[in-house]
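Here is the structure we will look at.
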Amino acid sequence: MKKLIPLILALLLLAACGAETPSAESVEPSSPCDLVTPPQTSPAEPADETLSRELPEGFALPQEEFEPAAYYLAEPFGEQGAALLTLSADGRFTCRYSYWQQNPENGGYNLLGGSFDETEAAFDGAALTYTEPAGEPRPERFREVTLSEALAAWRDMPSNDETSQPFPERIERGEWEKTPGVSLIEQTGRFISYEYLGADVSYELWDGTLLLSGFTAESPDFPFSLRGLGMGSSLADVLASFPEQSSVRTSEPEKYRHIYGGDIGLLGTYDAMDEGRGGKCVSVSDGWTITRFIFDENDEVYKLEFWNSTD
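Each residue of the sequence shown is one higher than the one before, starting from 1 at the first, in UniProt numbering.
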């Protein structure tokens with residue numbers, strides 16, 4: 001499982017809206033930003049305002065490699081810490097967590113976090129026992145909740161190790177190129193692009209193994225899902241599928257704003273002026289990946305871009 005490295009975001013996300021293909025280059029925000037304190041409502045607590053915020057139709061929890069049997073929310077930890085633990089009947093689990101942390105350099109707050117599974121901790125149905133200590137806040141005690149409560153709480157947590165795309169993240173080149181429907185577009189050094197399912201898929205080649213670095217897709221039938229969102233999703237549903245908790249304020253939020261998070265870490269942004277990508281853009285990142293929803297003149301997703309760290 002993945003633990004967030006905040007520095008990645010300092011170099012990456014708010015490059016999120018600005019170039020024509022997924023990349024890690026840095027782009028300055030279109031509007032000045034001010035760092036403020038984190039929101040006072042903790043998504044770890046299913047307060048009235050959390051439960052009353054309507055979920056978009058089709059909103060979904062992260063896809064797991066096992067059949068979920070129970071859901072747990074963490075008791076408060078750290079600075080407004082929040083976590084969702086999904087448990088299988090045979091004891092497998094995934095725990096995704098986040099918390100706010102103040103940046104000593106500028107006094108602003110960033111939303112950090114990560115994910116782990118049963119290889120890093122033991123869960124007894126109420127508490128976690130970690131195999132190794134950590135120098136960061138982590139959830140310890142949990143309470144079981146219903147699926148509806150888990151959905152409502154997850155929507156108010158940041159995107160975190162949850163994308164589901166139809167491409168392998170790691171595969172032998174020969175095996176991939178034998179996959180029906182895969183066709184080579186071009187190769188430049190170790191960087192190779194293919195067409196598959198109507199998408200332009202990029203890989204890096206290392207010792208005969210391909211590592212997924214990203215894709216761009218415009219096919220209406222492209223099978224990608226993040227929180228139930230994909231091709232054809234409305235701008236309203238995309239915005240309603242993520243937290244509204246940002247410590248950054250911009251001077252022209254109708255043009256560019258942070259949806260959640262700080263200036264680095266787990267964060268999401270909205271850019272209404274992204275002509276370079278062909279439309280309004282909502283970007284979300286968990287430090288390892290960046291997903292970009294790009295909208296047409298009807299405010300519906302017509303293009304998806306995805307960047308994946310190959311480190």
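Ideal Cβ placement from N, Cα and C applies to all residues, glycine included. Quick caveat, the model's predicted, so the values are computed rather than measured.
Based on the DSSP secondary-structure assignment, which residues constitute the bridge partners of residue i?
{"i": "Tyr270", "result": "Arg257 and Val282"}
{"i": "Ala150", "result": "The partner list for Ala150 (beta bridge, DSSP) is empty, contrary to what the question assumes."}
{"i": "Asn308", "result": "Thr289"}
{"i": "Ser193", "result": "Glu186 and Ser202"}
{"i": "Asn103", "result": "None, per the DSSP bridge assignment."}
{"i": "residue 398", "result": "Here the chain has residues from 1 to 311 only, and residue 398 is not among them."}
{"i": "Leu229", "result": "Leu226"}
Would DSSP call residue i helix, strand or coil?
{"i": "Val182", "result": "coil"}
{"i": "Trp206", "result": "strand"}
{"i": "Gly78", "result": "coil"}
{"i": "residue 320", "result": "The structure shown does not extend to residue 320, since the chain is modelled only from 1 to 311, so the question has no answer here."}
{"i": "Ala126", "result": "coil"}
{"i": "Gly299", "result": "First, the amino acid is wrong: residue 299 is Asp here, not Gly. Correct three-state label for Asp299: coil."}
{"i": "residue 312", "result": "With the chain running from 1 to 311 in the structure shown, residue 312 is simply not present."}
{"i": "Gly276", "result": "helix"}
{"i": "Arg53", "result": "coil"}
{"i": "Leu211", "result": "strand"}
{"i": "Arg170", "result": "strand"}
{"i": "residue 319", "result": "Since the displayed the chain opens at 1 and closes at 311, residue 319 lies outside it and no answer follows."}
{"i": "Arg96", "result": "strand"}
Have a look at residue i and residue j and give me their C-alpha separation to the nearest angstrom.
{"i": "residue 318", "j": "Ser251", "result": "The chain is shown only over 1 to 311; residue 318 falls outside these bounds and no answer can be derived."}
{"i": "Arg96", "j": "Pro62", "result": "10 Å"}
{"i": "Tyr203", "j": "Tyr72", "result": "36 Å"}
{"i": "Tyr194", "j": "Leu184", "result": "4 Å"}
{"i": "Thr291", "j": "Ser283", "result": "6 Å"}
{"i": "Gly198", "j": "Ala127", "result": "45 Å"}
{"i": "Asn110", "j": "Phe77", "result": "16 Å"}
{"i": "Gly108", "j": "Gln101", "result": "8 Å"}
{"i": "Asp237", "j": "Glu54", "result": "10 Å"}
{"i": "Gly91", "j": "Arg249", "result": "42 Å"}
{"i": "Glu254", "j": "Trp288", "result": "28 Å"}
{"i": "Cys281", "j": "Tyr270", "result": "6 Å"}
{"i": "Ile192", "j": "Leu239", "result": "33 Å"}
{"i": "Ala134", "j": "Asp124", "result": "20 Å"}
{"i": "Ala153", "j": "Arg143", "result": "13 Å"}
{"i": "Ser115", "j": "Gly261", "result": "17 Å"}
{"i": "Glu118", "j": "Thr129", "result": "10 Å"}
{"i": "Asp263", "j": "Glu67", "result": "35 Å"}
{"i": "Gly58", "j": "Ser234", "result": "12 Å"}
{"i": "Gly113", "j": "Asp156", "result": "14 Å"}
{"i": "Ser213", "j": "Asp299", "result": "27 Å"}
{"i": "Asp286", "j": "Lys178", "result": "32 Å"}
{"i": "Gly181", "j": "Arg277", "result": "26 Å"}
{"i": "Glu149", "j": "Asp161", "result": "20 Å"}
{"i": "Arg257", "j": "Glu65", "result": "34 Å"}
{"i": "residue 334", "j": "Gly268", "result": "The structure shown does not extend to residue 334, since the chain is modelled only from 1 to 311, so the question has no answer here."}
{"i": "Pro43", "j": "Ala83", "result": "Bear in mind that the predicted position of Pro43 carries a pLDDT of just 37, short of 50, making it unreliable; the figure below should be weighed with that in mind. C-alpha separation (whole angstroms): 9 Å."}
{"i": "Arg190", "j": "Arg170", "result": "14 Å"}
Cβ of residue i within 7 Å of Cβ of residue j?
{"i": "Met231", "j": "Pro243", "result": "no"}
{"i": "Gly279", "j": "Ile294", "result": "yes"}
{"i": "Pro158", "j": "Ser246", "result": "no"}
{"i": "Glu140", "j": "Thr131", "result": "no"}
{"i": "Leu87", "j": "Ala69", "result": "yes"}
{"i": "Trp176", "j": "Leu210", "result": "yes"}
{"i": "Gln187", "j": "Phe224", "result": "no"}
{"i": "Gly174", "j": "Pro137", "result": "no"}
{"i": "Ala60", "j": "Arg227", "result": "yes"}
{"i": "Pro56", "j": "Ser241", "result": "yes"}
{"i": "Glu297", "j": "Thr216", "result": "no"}
{"i": "Val145", "j": "Phe167", "result": "no"}
{"i": "Glu172", "j": "Lys303", "result": "no"}
Would you kindly report the start and end of the unbroken alpha helix (DSSP H) that includes residue i?
{"i": "Glu175", "result": "Arg173 to Glu177"}
Taking the beta strand (DSSP E) that residue i falls in, what are its first and last residues?
{"i": "Leu112", "result": "Tyr109 to Asp117"}
{"i": "Thr250", "result": "Val248 to Thr250"}
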